[in-house]
Amino acid sequence: MTFSTDTPWFDMALLSAFMVVGHIVFGHFEEQTPRWRKLLKFAFILLCSALILATLGRPVFYSVLAVCLLLVIIVHAWWLPKNGINGWTGEPKDKYYRLRGWPYPPDGRPSPNRDQNAGNPAA
2 MTFSTDTPWF
12 DMALLSAFMV
22 VGHIVFGHFE
32 EQTPRWRKLL
42 KFAFILLCSA
52 LILATLGRPV
62 FYSVLAVCLL
72 LVIIVHAWWL
82 PKNGINGWTG
92 EPKDKYYRLR
102 GWPYPPDGRP
112 SPNRDQNAGN
122 PAA
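Encoded structure:
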């Protein structure tokens, strides 16, 4: 048996690898997302991708993958910075959490006032 890249298994493995790397690099953007929702998203994307591969073929699958990658790049390189959030680090966290509709800080305590310690080097 020889290794072949011309199989749906290879396509799904490649998609899974992209998703794992994306989660490792950009996982901090999903800090407050429940694990069940992350798993459901992963399963949904794999199912939709398998359906596209089986019904529409590889060219459409890779076209959809390219469009999705382009959307991710647009969000992280243009839309987040346009809203005052670093697209690589997700900072400032309070602004990013507000954008997502999550409570900040995550544990529910009041956010520290940054101006309170301004000019105080001991703080």
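All you need for the numbering used here is the position in the sequence shown, starting with 1, plus 1. Just so you know, even glycine gets a beta-carbon here, dropped at the ideal spot from N, CA and C. Owing to the predicted nature of the structure, the values given are computational and were not obtained by experimental measurement.
About 6 Å separates the CB atoms of Gln33 and Pro107; that is less than 8 Å, so the two are in contact.
A Cβ-Cβ separation of about 5 Å places Tyr97 in contact with Gly91 under the 8 Å criterion.
An exposed status is given to Ile74, since fewer than 16 other beta-carbon atoms sit within 10 Å of its beta-carbon. DSSP places His24 inside the alpha helix (DSSP H), whose first and last residues are Pro9 to Phe27.
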